[in-house]
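Enquirer: The structure under discussion is supplied below as C-alpha cells; questions concerning it will follow.
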Amino acid sequence: MQSTMMDFPLTLTAILERSGKLFPKVEIVSRMPDRQLHRTNYGEFYRRSRALAEALTRSGLKRGDRVATLMWNHSRHLEAYFGIPAAGGVIHTLNLRLAPDDLVEIINDAEDSMLIVDDILLPLYEKVRDKTKIGRVLVVPLSGQRVSAGYENYEDFLKQASGDFQYPELDEREAAAMCYTSGTTGMPKGVVYSHRALVLHTFGVGLGDTFGLKQLDVIMPVVPMFHVNAWGLPFLAVMIGSKLVLPGPLLDAASLLDLMEQEKVTLSAGVPTIWMGILESIEKNSGKWKLQPGLRMVVGGAAAPEAMIRRFDKQGIMICHAWGMTETTPLGTGGRLKSYMRDASEDERYATRAKQGLPFPFIELRTVSESGEAPWDGQTMGELQVRGPWVASNYYKEGADTDKWTVDGWFRTGDVATIDPEGYMKITDRTKDLIKSGGEWISSVDLENALMGHPAVKEAAVVAIPHPKWQERPLAAVVLKEGMQATAEELRAHLAGKFAKWQLPEALVFVDAIPRNSTGKFMKAKLREQYAGWKWNEESESK
Ligand code: AMP
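Number 313 in numbering that gives the first Met the number 0 belongs to position 314 of the sequence shown; there are no gaps in the numbering.
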C-alpha cells in the first residue's frame with residue numbers, strides 16, 4: 000500500500016528558512032580577535048546567507064562545486080555553513096591547525112574551486128597558494144583592517160546579491176558539506192555529507208539525552224567549526240533558533256569563561272583538553288565566574304576521564320560524554336543514565352557516565368572480535384562497527400572498496416570497544432593502540448583513565464612497547480599537575496587495586512607534555528617511536 004505522505008526533502012535550506020521566519024530577533028554573538036563582541040541576529044544571518052548563495056550562483060558556482068573555508072568560529076562562518084549548500088555547493092571546512100603540506104594535499108584532492116578565508120589566516124593560505132589551484136579567494140575582514148591589495152573582500156562579494164534569490168531544487172541526497180579525516184592512520188580521506196545526513200544528525204543529536212537543545216538555551220560551540228561540522232551544533236542552533244555565542248580565535252580557559260559568564264551560556268561542547276583547562280581555572284579561582292546554573296557541556300573527540308566528570312559535578316556543571324568520527328557526521332553515541340539507573344551506587348553511576356554512551360536512534364553498533372560478533376556483556380572487547388543514515392558508505396574518490404567497510408555493510412571504526420548489557424558502549428582502545436602482553440590484551444585507555452584519577456596527574460598516555468619476553472608491555476607517559484609531585488611507585492600503587500599485576504605499566508616516565516595531533520588527540524605513534532628502544536628489566540615477573 001502506498002502512503003499518503005508528501006515526499007518533502009530533508010535539506011538545510013528548510014532549516015535556514017525556519018530561522019529567518021521564526022527567530023529573526025535571536026542574537027548571534029561572535030568574539031573578534033581583538034576581544035570585541037560582534038552582535039547580529041538570525042534575521043540578518045538569514046539575509047546574508049541567502050546573499051552569499053546568490054553571489055556564489057552569479058559568480059558561476061555549479062552544483063556540487065566545493066567552496067573551502069579557512070575560518071574560526073564566527074557568524075560569517077555560519078553564513079558559509081548555510082549559504083554554500085543553499086546554492087547547491089559543498090562547504091569544505093579546512094582545519095587551520097594542519098601543516099601547509101597537508102592542506103595542499105587536501106585542497107587538491109577536493110579540487111576546491113573557491114576559498115573563504117579570515118584575513119588573520121591569510122599568512123597560512125599564502126603558504127599553500129602556489130601549490131593549489133583555487134580559482135577565487137574571498138577575504139573576511141575579521142581584524143577590522145583593510146583587506147590586502149590583490150584580494151577580494153567577502154563583504155563586497157555579498158553586495159553583488161540583489162536579495163531576490165531562488166533556491167535551486169535540491170535533492171536531499173546531494174552533497175552539502177565535506178571534511179577530511181584527521182589522517183592519523185595514513186592519508187586523510189574525504190567524507191562527503193548529504194543534506195539528508197546532516198538534517199537527520201541534527202535531529203538525532205538534538206534529542207533530550209545529548210544536546211537536549213531548547214530555544215531558551217544559549218549555545219557556545221568551542222569545538223571549532225573546522226572540525227567535523229562543529230559536531231552539528233551550528234545546524235542544531237539554527238534549527239531550534241537558540242542564541243549562539245561563537246568564540247573566534249581566543250580559546251584559552253579564562254577567555255572562554257569570561258564569555259560564558261557574560262553571554263549566559265547554558266550549553267557548550269568541545270574536546271577534553273579544553274574542559275580540563277576550564278576545570279583547573281574554575282577550581283583555582285573559586286567563585287570568580289558566575290556561570291549559569293545547570294550548565295551542560297558535551298565532551299567528545301577523545302575519552303572524558305571519569306575523574307573529570309566527577310570534578311565538574313562538584314562545580315554544578317553537567318558533563319555529557321559523546322563519541323563520534325568524521326565518518327559518522329560526527330556523533331554516534333552519547334551518554335546519560337537511564338531512569339532506573341539513578342538508584343545505582345555512585346561508583347556505578349560514574350562508571351556508566353564515563354562510557355561513551357548509547358547509540359542515537361537509527362545508529363546501530365556491534366563489536367566484532369576474532370571469534371565473531373561479541374556479546375553485550377561489558378567485558379568482551381571487539382572492533383566497533385557502526386551503521387546508520389549519517390554514517391559514510393565510502394570515501395571521496397576511493398569508493399567503498401577498502402577494508403573499512405564489511406561485506407554486510409557496516410563501517411569498521413578502528414576503535415576497540417565493549418558494549419554492556421544495557422547497551423552502553425565503552426571505547427577501550429584504537430585497534431592499533433591495544434597492548435598485547437603475553438597473549439593477553441590490556442586496554443591503554445583504562446590505564447590512562449585510572450592514572451588521571453590520581454590527584455597529582457594532569458595527563459597520561461599509555462602505549463605498547465616491544466618486550467623480549469612478553470611481546471609488548473605497557474609504558475605510561477605521565478604529565479604531573481603544576482606544583483604537584485608523585486613517584487612512579489606511588490602511581491603504580493594507585494593503580495594496583497584496580498588492575499591485575501601483569502596489566503600495570505611496566506615503565507612510567509614523567510614528561511612535560513604528551514604529543515597531540517591537530518585535533519587535540521594523543522599521538523601515540525610518536526610516543527611508541529620515542530620509547531621503542533626502552534631497556535626492560537629482564538627480571539620482570541609480569542605476565
Ligand atoms: P575523528 O574522525 O578525527 O573525529 O576521530 C575519531 C576518533 O576519535 C574515534 O574513532 C575515536 O578513536 C576517537 N574518539 C572520539 N570520541 C571519543 C570518545 N568520547 N572517547 C574516546 N575516543 C573518542
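Each residue gets a CB set at the ideal place from its N, CA and C atoms; glycine is no exception.
Quick caveat: nothing in here was measured; it's all calculated off a predicted structure.
Take every Cβ of the region 127-143, pair it with every Cβ of the region 109-117, and state whether three or more of those distances are shorter than 8 Å.
Expert: yes
Enquirer: Excluding the 5 residues preceding and the 5 following Lys130 in the sequence, name in chain order all residues of the same chain whose CB lies nearer than 8 Å to its CB.
Expert: Taken in chain order, the residues that qualify are Val103, Asn107.
Enquirer: Closer than 8 Å: is that where the CB of Pro223 sits relative to any heavy atom of the ligand AMP?
Expert: no
Enquirer: Leaving out five residues on either side along the sequence, give the residues of the same chain with a beta carbon under 8 Å from the beta carbon of Gln384.
Expert: The answer, listed in chain order, is Leu364, Arg365, Thr366, Val367, Thr405, Trp409, Phe410, Arg411, Thr412.
Enquirer: Are there 16 or more other CB atoms within 10 angstroms of the CB of Ser338, so buried, or fewer, so exposed?
Expert: exposed
Enquirer: Report, in whole angstroms, the separation of the C-beta atoms of Leu479 and Val508, which I expect to be a contact under 8 Å.
Expert: Contact flag wrong, Cβ pair sits at about 12 Å.
Enquirer: Let's see if you can read the secondary structure: which residues bound the alpha helix (DSSP H) around Trp409?
Expert: Unbroken run through Trp409: none, as it is neither H nor E.
Enquirer: Give the single residue among Glu481, Phe498, Leu235 whose Cα lies nearest to the Cα of Ser443.
Expert: Phe498
Enquirer: So the candidates are Val28, Ala512, Ala492; which of them puts its Cα closest to the Cα of Leu258?
Expert: Val28
Enquirer: With a threshold of 8 Å, establish whether the CB of Gln384 neighbours any heavy atom of the ligand AMP.
Expert: no
Enquirer: At 4 residues or longer, and completely inside the region 10-36: list those alpha helix (DSSP H) runs for me, N to C.
Expert: 11-21
Enquirer: Under 9 Å, do Ile316 and Leu290 count as touching if we go by C-beta distance?
Expert: yes
Enquirer: Could you tell me the alpha carbon to alpha carbon distance between Glu505 and Pro454, rounded to whole angstroms?
Expert: 21 Å
Enquirer: Would you call the region 38-45 in contact with the region 219-232, where contact means no fewer than 3 C-beta pairs closer than 8 Å?
Expert: no
Enquirer: In chain order, which alpha helix (DSSP H) runs of at least 4 residues are fully inside the region 141-181?
Expert: Complete alpha helix (DSSP H) runs here, min 4: 153-158.
Enquirer: If we ignore side chains and look at the alpha-carbon of each, how far apart do Ser48 and Gly203 end up?
Expert: 25 Å
Enquirer: Below 8 Å on the Cβ atoms is my guess for Cys109 versus His91; work out the distance and round it to an integer in Å.
Expert: The amino acid at residue 109 is misidentified as Cys; the sequence shows Ala. 5 Å between Cβ atoms; contact.
Enquirer: Since I believe Pro246 is in contact with Met219 (beta carbons under 8 Å), could you give me their beta-carbon distance rounded to a whole number of angstroms?
Expert: Beta-carbon to beta-carbon, Met219 and Pro246 are separated by about 6 Å, close enough to satisfy the 8 Å threshold.
Enquirer: Quick check on Ser241: buried or exposed, where buried means 16 or more other Cβ atoms within 10 Å of its Cβ?
Expert: buried
Enquirer: Could you tell me if Lys188 is buried or exposed, where buried requires 16 or more neighbouring beta carbons within 10 angstroms of its beta carbon?
Expert: buried
Enquirer: Helix, strand or coil for Pro473 per DSSP?
Expert: The answer is strand: DSSP assigns Pro473 an E or B state.
Enquirer: State the DSSP-derived secondary structure class of Lys126, mapped to helix, strand or coil.
Expert: helix
Enquirer: Quick one: grab the DSSP three-state call for Asn40.
Expert: strand
Enquirer: Identify, in the order they occur along the chain, each residue of the same chain with its Cβ nearer than 8 Å to the Cβ of Gly162, setting aside the five sequence neighbours on each side.
Expert: Shown here for Gly162: same chain residues with a beta carbon closer than 8 Å to its own, the five before and five after excluded, namely Arg46, Arg49, Ala50, Glu53 in chain order.
Enquirer: Does the region 449-467 touch the region 476-491, meaning 3 or more C-beta pairs lie closer than 8 Å?
Expert: yes
Enquirer: Given Thr427, which residues of its chain have a CB within under 7 Å of its CB, disregarding the five upstream and five downstream residues?
Expert: Met380, Val415, Ala416, Thr417, Ser442, Val444, Asp445, listed in sequence order.
Enquirer: According to the Cβ coordinates, are Tyr179 and Thr401 closer than 9 Å?
Expert: no
Enquirer: Are the beta-carbon atoms belonging to Glu481 and Thr430 less than 9 Å from one another?
Expert: no
Enquirer: What would DSSP say about Pro8, mapped onto helix, strand or coil?
Expert: coil
Enquirer: Take the Cβ of Lys468 as the centre, count every other Cβ of all protein chains shown within 10 Å, and call the residue buried at 16 or more, exposed below.
Expert: exposed
Enquirer: In whole angstroms, what separates the C-alpha of Phe521 from that of Asn393?
Expert: Inter-residue distance for Phe521 and Asn393 is about 26 Å (C-alpha atoms, whole angstroms).
Enquirer: Closest to Phe210 by C-alpha separation, out of Gln159, Arg172, Arg386, Leu330, would be which residue?
Expert: Leu330
Enquirer: From Pro23 to Ile14, what does the alpha carbon distance come to, in whole angstroms?
Expert: 13 Å
Enquirer: Rounded to whole angstroms, how far is the Cβ of Leu197 from the Cβ of Ala175, which I believe are closer than 8 Å?
Expert: 6 Å
Enquirer: Going by DSSP in three states, Arg46 sits in which element: helix, strand or coil?
Expert: helix
Enquirer: Start and end of the beta strand (DSSP E) containing Pro84?
Expert: Per DSSP, Pro84 belongs to no beta strand (DSSP E); it is in the alpha helix (DSSP H), 74-85.
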